[in-house]
Amino acid sequence: MTALYWQTMGEGDRDLVLLHGWGLNAEVWGCALTRLAPHFRLHLVDLPGYGRSQGFGALTLAQMADVVLAQAPQQAWWLGWSLGGLVASQVALTQPQRVNGLITVASSPCFSARDDWPGIRPEILSGFQHQLSEDFQRTVERFLALQTLGTESARQDARTLKSVVLNQPMPSVEVLNGGLDILRTADLRRQLADVRCPLLRIYGYLDGLVPRKVAALVDELAPDSRSVVVAKAAHAPFISHPDEFADLILRFVGDGAL
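Residue numbers 1 to 258, in the UniProt record's numbering, belong to the letters of the sequence shown in order.
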């Protein structure tokens, strides 16, 4: 049986759908909830096959977006972190009438390094896929540790991410491999100019997975969007800098600008 985990909470009158990253689940947003819940009706989702959304196999990016859309409000703001940013972007491209605005966090239209495009080297992603079958939990933990490198609170942030994974059902190797396939192959760069809703992109200055150079490159691809690079943040700015993160969201949704 397949069932998508979906929790709605908050006191605001605007809907905000939050999509997590690879290997994790909706509990990763814990640091942001108290700051955002007074202003939004929050929709916390475990992506298909992750956390409490069990029974799914590996999905393509388009399939993952369709599954989430089927349960989403008819109109909402969408916030996606890392892999979740790709899913939210896919939603905005395929069902623009459902998206009031899009916020991506430590995400990229193309995660894989290609020619003059900065990103994760394909052999690193392939290596993670190979290692998953050999030492499942250690591989996930290594990937999570990469996400906090360089921040002042790196050890604590890594422990937070690890506890999020361990406190909920673990994704299967098939699902995790499918997610890495999306990160390795997805390329939405040409379509970004077709995003018509307000778009905010938040990056971490120290992010080793989505280099800060991506921000300026996407500025050119989507000139109507806004980008913010959070100083001293890595791949999870909502954990290391929760107040600054929430302030960016509230200001952007409040007037569509910064």
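For every residue, glycine included, the Cβ atom is placed at its ideal position computed from N, Cα and C. Keep in mind that this is a model prediction, so the values were computed, not measured.
Apart from the five residues just before and just after residue i, which ones in its own chain have a Cβ nearer than 6 Å to its Cβ?
i	result
Ser153	Ser240
Asp207	Ala106, Ala234 and His235
Thr2	Gly55 and Phe56
Arg155	none
Thr8	His43
I need the DSSP call for residue i, collapsed to helix, strand or coil.
i	result
Leu258	The predicted model places Leu258 with a pLDDT of 49, which falls under 50 and marks its position as unreliable, so this point remains unresolved.
Val91	helix
Ala233	coil
Ser112	strand
His43	strand
Arg226	strand
Leu149	coil
Trp29	helix
Asp194	helix
Arg251	helix
Quick one: Cα of residue i to Cα of residue j, how far?
i	j	result
residue 292	Leu209	Shown here, the chain extends from 1 to 258; a query on residue 292 therefore has no answer.
Leu102	Asp135	36 Å
Val45	Ala76	14 Å
Phe245	Arg212	17 Å
Gly85	Trp117	18 Å
Leu93	Val67	15 Å
Thr151	Arg251	25 Å
Ser112	Arg184	5 Å
Gly10	His39	7 Å
Leu36	His20	16 Å
Glu174	Leu161	21 Å
Ser53	Asp181	19 Å
Ala231	Asp247	15 Å
Gln137	Leu83	19 Å
Between the Cα of residue i and the Cα atoms of the options, which residue gives the shortest distance?
i	options	result
Ala72	Leu221, Leu16 and Pro122	Leu16
Ala236	Tyr203, Asn167 and Ala216	Tyr203
Leu192	Gln63, Val91 and Gly21	Val91
Arg98	Leu47, Gly30, Cys197 and Arg41	Cys197
Thr34	Phe128, Thr148 and Gly12	Gly12
Met64	Leu42, Arg52 and Val87	Val87
Asp157	His20, Val28, Gln7 and Leu79	Val28
Ser227	Gln95, Thr104 and Ala26	Thr104
Val218	Ala26, Ala231, Asp187 and Arg14	Asp187
Can you give me the Cβ contacts of residue i inside the same chain, cut-off strictly under 8 Å, excluding the 5 residues immediately before and after it?
i	result
Asp224	Leu199
Gly23	Tyr50, Val140, Phe143, Leu144, Val165, Pro171, Leu176 and Gly179
For residue i, I'd like the list of residues in its chain whose CB is within less than 7 Å of its CB, leaving aside the five on either flank, ordered along the chain.
i	result
Gly178	Ala58 and Leu59
Ser108	Gly119, Val210 and Val214
Glu220	none
Arg121	Ala113
Quick check: does the Cβ of residue i come within less than 6 Å of any heavy atom belonging to the ligand ADP?
i	result
Ser53	As for the ligand ADP, it is missing from this structure, which has no ligand bound.
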